[in-house]
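Before any comments, here is the structure.
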Amino acid sequence: MLYLVGLGLSDETDITVKGLEVVKKAERVYLEAYTSILLVDQATLESYYGRPIVVADREMVESNSDEILRDADKVDVAFCVVGDPFGATTHTDLVLRARELGIQVRTVPNASIMSGIGAAGLQLYNFGQTVSMVFFLDNWRPASFYDRIKENRSIGLHTLVLLDIKVKEQSLENMARGRKIYEPPRYMTVGTCAQQMLEIEEEKQEGVYGPESLAIGCARVGGKTEKFVSGTLKELCDADDLLGPPLHSLILLGRRTHELEHDFVREFAVNKENWDRIWKAEYCGKQ
Ligand SMILES: C[S@@+](CC[C@H](N)C(=O)[O-])C[C@H]1O[C@@H](n2cnc3c(N)ncnc32)[C@H](O)[C@@H]1O
Numbered sequence: 210m211l212y213l214v215g216l217g218l219s220d221e222t223d224i225t226v227k228g229l230e231v232v233k234k235a236e237r238v239y240l241e242a243y244t245s246i247l248l249v250d251q252a253t254l255e256s257y258y259g260r261p262i263v264v265a266d267r268e269m270v271e272s273n274s275d276e277i278l279r280d281a282d283k284v285d286v287a288f289c290v291v292g293d294p295f296g297a298t299t300h301t302d303l304v305l306r307a308r309e310l311g312i313q314v315r316t317v318p319n320a321s322i323m324s325g326i327g328a329a330g331l332q333l334y335n336f337g338q339t340v341s342m343v344f345f346l347d348n349w350r351p352a353s354f355y356d357r358i359k360e361n362r363s364i365g366l367h368t369l370v371l372l373d374i375k376v377k378e379q380s381l382e383n384m385a386r387g388r389k390i391y392e393p394p395r396y397m398t399v400g401t402c403a404q405q406m407l408e409i410e411e412e413k414q415e416g417v418y419g420p421e422s423l424a425i426g427c428a429r430v431g432g433k434t435e436k437f438v439s440g441t442l443k444e445l446c447d448a449d450d451l452l453g454p455p456l457h458s459l460i461l462l463g464r465r466t467h468e469l470e471h472d473f474v475r476e477f478a479v480n481k482e483n484w485d486r487i488w489k490a491e492y493c494g495k496q
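All residue numbers for the sequence shown refer to this note's numbering, where the first residue is 210 and numbers rise by one.
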């Protein structure tokens, strides 16, 4: 049996009782550590779970999944995913490959950023499509997020923006020379995300959002040092020091808001007067 085990959002203790039982009994335990990270290191997980863990990088999961699935028709294999195995990251390829090989698959769900984000104070029912933001390069600025945000905002919905993670990436030079030397990991911050969003609005000029649009920066959701900072997109460009270390996500508010959301989120505002003024003019009771 292949078990997809969700590890939750923060540390080693977020695994469910059911997930821990699977991990303890499985023949082999893998950790998918390239689409999200826990706030603790591998050794801490191994000592709490009482099992050695093989870190499965993107190459292994995408190009060498047969090694993960080896003998899984006879023995149990645990494939651990930070958050929920089907929250934002869907390991569909692995599941389809397992099916082809006649291996049964079972999922042990857990909290995902897609649900944990409710702690920022906005109602999960009022979120539209989730989008991803990647690090821009000089000649590569993917902006497909813009049209999705446009759709969400056209019906007043909030948008959760998930931010790029770069782990085990090679520089172009090392790749060209075939050298397996990897760059240090990089995690996008709310400041970079807000900046890139404003650059794309500047380019497209469709007025989907702007420097005065309200948003929430969210850091280490579900952890002991969880932090939310709310403000305009312009204010959030400079909020990284307030938010602290990764992981970060950003929520762009839609106009379909409730007074209770206002009261909840206002507490996190960089500048409460600014927040109240814009909320009253642009969001309160608007569609
Ligand atoms: C591919 S998604 C996460 C998928 C994961 N399987 C889940 O269910 O949460 C990874 C992105 O989600 C966001 N994220 C994940 N955990 C987070 C946390 N605890 N706090 C803030 N953002 C988080 C970050 O933007 C991160 O780059």
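Virtual Cβ for every residue (Gly too), placed ideally from N, Cα, C.
| Query | Result |
| --- | --- |
| Of the residues R357, L452, A287, the one placed nearest V417, counting alpha carbons only | R357 |
| Cβ neighbour criterion (16 or more within 10 Å) applied to Q405 | buried |
| Inside the region 400-483 only - beta strand (DSSP E) runs reaching at least 3 residues | 423-428, 436-441, 457-461 |
| Of the listed residues I262, S458, I487, V343, nearest to K234 (C-alpha basis) | I262 |
| Contact test: T244 Cβ vs ligand 1 heavy atom, cutoff 6 Å | yes |
| Collapsed DSSP secondary structure at F344 in the structure displayed | coil |
| W488 classed as buried or exposed, judged by whether at least 16 other C-beta atoms fall within 10 angstroms | buried |
| Local conformation of R388 per DSSP, three classes | coil |
| Contacting residues, own chain, Cβ-Cβ under 6 Å from T298 (five flanking each side not counted) | T244 |
| N-terminal and C-terminal residue of the beta strand (DSSP E) that F288 is part of | 286-290 |
| Burial state of E268, where buried means 16 or more other Cβ atoms lie within 10 Å | exposed |
| I460 beta carbon near ligand 1 (any heavy atom closer than 6 Å) | no |
| Top-ranked residue by Cα proximity to P351, from G311, L216, I326, E410 | E410 |
| First and last residue of the uninterrupted alpha helix (DSSP H) at V206 | Because the chain in this structure spans residues 210 to 496, residue 206 falls outside the shown range and cannot be described. |
| Which of helix, strand or coil DSSP assigns to T225 | coil |
| Supposed contact pair V226 and V214 - C-beta distance, whole angstroms, cut 8 Å | Rounded, the Cβ-Cβ distance is 12 Å, inconsistent with contact. |
| Cβ neighbours of I224 in the same chain (closer than 6 Å, five flanking residues each side left out) | L216 |
| Three-state class that DSSP yields for K234 in the structure shown | helix |
| Same chain only: Cβ atoms within 6 Å of P498, ignoring 5 sequence neighbours per side | In the structure displayed, the chain extends from 210 to 496; residue 498 sits before or after that span and is not available. |
| Local Cβ density within 10 Å of Y334, reported as buried at 16 or more and exposed below that | exposed |
| Residue of R388, L240, V290, G325 minimising C-alpha distance to R429 | G325 |
| Assumed close pair Y391, K377 - CB separation to whole angstroms, cut-off 8 Å | 5 Å |
| Cross-strand partners of E241 (DSSP beta bridge) | A265, V290 |
| Endpoints, the beta strand (DSSP E) within which R315 is located | 314-317 |
| Given 8 Å, three or more beta-carbon pairs between the region 444-453 and the region 467-476 | no |
| DSSP-derived helix/strand/coil call for L218 | coil |
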